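The block underneath contains the structure these notes are about, expressed in structure tokens.
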Amino acid sequence: MVDSFRPPSIAAGLERLIAWSRDVERALRQEGKGVSPTVEAGIDALRALRRRARALLPHAVAGEQAVHELFLHARRVGEQVAQLGIAGAVPVAGEVGLPRPVPIGGHTLPPLPYPYDALEPYIDEETMRIHHDRLHRGYVEGLNEAERELARARQTGDFSLVKHWEGQLAFNGAGHYLHTLFWNVMTPDGGGPPTGAIAREIARTFGSFDAFRDQFSAAAEKVEGPGWALLVWSPRAHRVEILQAEKHQNLSQQDQIPLLALDVWEHAYFLKYHNRRRDYIAAWWHVVNWDEVNRRFALARRVLWVPY
Numbered sequence: 035m036v037d038s039f040r041p042p043s044i045a046a047g048l049e050r051l052i053a054w055s056r057d058v059e060r061a062l063r064q065e066g067k068g069v070s071p072t073v074e075a076g077i078d079a080l081r082a083l084r085r086r087a088r089a090l091l092p093h094a095v096a097g098e099q100a101v102h103e104l105f106l107h108a109r110r111v112g113e114q115v116a117q118l119g120i121a122g123a124v125p126v127a128g129e130v131g132l133p134r135p136v137p138i139g140g141h142t143l144p145p146l147p148y149p150y151d152a153l154e155p156y157i158d159e160e161t162m163r164i165h166h167d168r169l170h171r172g173y174v175e176g177l178n179e180a181e182r183e184l185a186r187a188r189q190t191g192d193f194s195l196v197k198h199w200e201g202q203l204a205f206n207g208a209g210h211y212l213h214t215l216f217w218n219v220m221t222p223d224g225g226g227p228p229t230g231a232i233a234r235e236i237a238r239t240f241g242s243f244d245a246f247r248d249q250f251s252a253a254a255e256k257v258e259g260p261g262w263a264l265l266v267w268s269p270r271a272h273r274v275e276i277l278q279a280e281k282h283q284n285l286s287q288q289d290q291i292p293l294l295a296l297d298v299w300e301h302a303y304f305l306k307y308h309n310r311r312r313d314y315i316a317a318w319w320h321v322v323n324w325d326e327v328n329r330r331f332a333l334a335r336r337v338l339w340v341p342y
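Using the working numbering, the first residue of the sequence shown is number 35, and each one after it goes up by one.
See below:
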């Protein structure tokens, strides 16, 4: 049934999504008691979904984010079709194509989206191996431990160590999520100025790309100790902003959606650049993945709170 649809892999998930859409269309035609304009709209949406899925199949691995967005769209189509009043014909597709929620203590290390040496000469292979395989893995393990300990505290009612484990949850969770973003906003084919919607938003907010780059670089260089420079979407301010974060989670705003992240912990650059953080920052601009930033921005800017 549609409710139990879970892609075992990206390509297999697309194939199952295509098959699901055919099954739903068949049910609409068989039990729709004639094709009304509403049913026809549902059929059109299902066919459009199949076309998008077929177009993504040859690029399933490289286009993982686009595939995930298609699964989100499939959920919306499923919910639309389920409201057509055809009793029993179309199961509610609330989870079509989406991964199950991460179980408590079940976070995993995501794979790099490119080879370890792909960002050479700007970021060296050895740094990428250590950074991803050891350091990022450590944040995943720390996050899982914190989640399990807090779950145990809820079960036993013993919250005597809650301050410690909430701190570990914040530190390791932010480390895991920021590094996952960091890998994906870099690419061997990156660099240069942005294009598209994020380019227009940067120009609107900062005046020009050069002004944005100068401020972002300065923010990264001036992080006191280990930390991050972040370009975020502010749902409250309805614009993008540049923020710093010390460590992973300290001295930064909440209620923001990160779009672009630069890791300025020494482990991100010391093997190649030693203490020359400024040189590392300048090199990093050559590998920025503006396509990924644009994808994130397209999703993030849908979130709008009442501005204050």
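Where a beta carbon is used, it is the ideal one built from N, C-alpha and C, also for glycine. Note that this is a predicted model, so its numbers are computed, not measured.
Query: Rounded to whole angstroms, what is the Cα-Cα separation between residue 15 and residue 189?; Result: This structure cannot settle anything about residue 15, because the visible part of the chain is limited to 35 through 342.
Query: Write down the C-beta distance between residue 171 and residue 139 rounded to the nearest angstrom, noting that I regard them as a contact closer than 8 angstroms.; Result: About 15 angstroms separates the two Cβ atoms, so there is no contact after all.
Query: For residue 297, list the residues DSSP reports as bridge partners.; Result: 262
Query: Should residue 229 be labelled buried (16 or more other beta-carbon atoms within 10 Å of its own) or exposed?; Result: exposed
Query: Using a 10 Å radius around the Cβ and a threshold of 16 neighbouring Cβ atoms, would you call residue 160 buried or exposed?; Result: exposed
Query: What did DSSP end up calling residue 138 once you bin it into helix, strand or coil?; Result: coil
Query: If residue 273 and residue 239 are in contact, beta carbons under 8 angstroms, what's the gap, nearest whole angstrom?; Result: 5 angstroms
Query: Looking at the structure shown, is residue 174 part of a helix, part of a strand, or coil, going by DSSP?; Result: helix
Query: In angstroms, rounded to a whole number, what distance separates the CA positions of residue 290 and residue 339?; Result: 11 angstroms
Query: Among 262, 191 and 104, which has the Cα closest to the Cα of residue 205?; Result: 262
Query: Put residue 89 into one of helix, strand or coil per three-state DSSP.; Result: helix
Query: Using the three-state DSSP reduction, which class does residue 81 fall into: helix, strand or coil?; Result: helix
Query: Taking contact to mean 3 or more Cβ pairs, one atom from each stretch, closer than 8 angstroms, check whether the region 311-318 and the region 232-246 are in contact.; Result: no
Query: Identify which residue in 265, 248, 275 and 282 has its Cα closest to the Cα of residue 258.; Result: 282
Query: From the DSSP output, in three-state form, read off residue 273 for me.; Result: strand
Query: Please classify residue 136 as buried or exposed, where buried requires at least 16 neighbouring CB atoms within 10 angstroms.; Result: exposed
Query: Over the uninterrupted alpha helix (DSSP H) stretch that includes residue 240, give me the two end residues.; Result: 230-240
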